[in-house]
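Please read the structure below before turning to the comments.
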Amino acid sequence: MSVKIRLARGGAKKRPFYHIVIADANAPRDGKFIERVGTYNPMLPADHAERVTLVTERLQHWLANGAQPTDRVARFLAKAELIKAPVRTEQPKQSAPKKKAQERAAERAKAEAAA
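For the sequence shown, my numbering gives the first residue as 156, with consecutive numbering after it.
Below you can see the structure in the form of structure tokens.
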């Protein structure tokens, strides 16, 4: 049985509130879970103390037993210094400016340097 540490959504429409839960990887997002180990309230300011609450001793237990956190939960755990910070991947090349746009930008930079 593969176990994940992930978010389960609660709250009203357009007012999200998430529980951080330990769940089987095949269980639905808001469905059956094994244990609740924290909360996340994105409606609070980023520096608010109750934006993310964690039960650290239970999280350490589940991490020691092989539970895998999702990307978002891994960031919370890294901030609480329970795990190493995940490596952030580079943005895809598809969104980078194309060849003509790069040429125009280079010409613009030349013109400004000459002026």
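For every residue, glycine included, the Cβ atom is placed at its ideal position computed from N, Cα and C. Since the model is a prediction, treat every value here as computed from it, not as a measurement.
Next item on the list: Express the C-alpha separation of P252 and R170 in angstroms, rounding to a whole number.
Entry: Looking at the two C-alpha atoms, the distance is approximately 36 Å.
Note to self: Looking at I307: is its Cβ nearer than 9 Å to the Cβ of V158?
What the structure shows: The structure shown does not extend to residue 307, since the chain is modelled only from 156 to 270, so the question has no answer here.
Notebook entry, point to check: Nearest CA to the CA of P183: which residue from N220, K168, I160?
Noted result: P183 has its Cα closest to that of I160, out of N220, K168, I160.
Margin query: Less than 9 Å between the C-beta atoms of Y195 and R206, yes or no?
Written below: The Cβ-Cβ distance between Y195 and R206 falls below 9 Å.
Next item on the list: Tell me whether Y232 is buried or exposed, calling it buried when 16 or more other Cβ atoms sit within 10 Å of its Cβ.
Entry: Contrary to the premise, residue 232 reads as Leu rather than Tyr in this sequence. Around the beta-carbon of L232, 16 or more other beta-carbon atoms lie within 10 Å, marking it buried.
Note to self: Since V176 and A163 should fall inside the 8 Å C-beta cutoff, what is the C-beta to C-beta distance between them, to a whole number of angstroms?
What the structure shows: Taking the Cβ atoms as the reference, V176 lies roughly 5 Å from A163, within the contact range of under 8 Å.
Margin query: So if DSSP puts A163 in a beta bridge, which residue, or which two residues, is it bridged to?
Written below: In the DSSP output, where bridge partners are listed per residue, A163 has H174.
Next item on the list: Can you tell me which of the three DSSP states R191 falls into?
Entry: Looking at R191 - three-state DSSP - the assignment turns out to be strand.
Margin query: Please give the ranges of any beta strand (DSSP E) in the segment 194-257, keeping only runs that are unbroken, at least 3 residues long and fully inside the region.
Written below: Within the segment 194-257, the complete beta strand (DSSP E) runs of at least 3 residues are 207-209.
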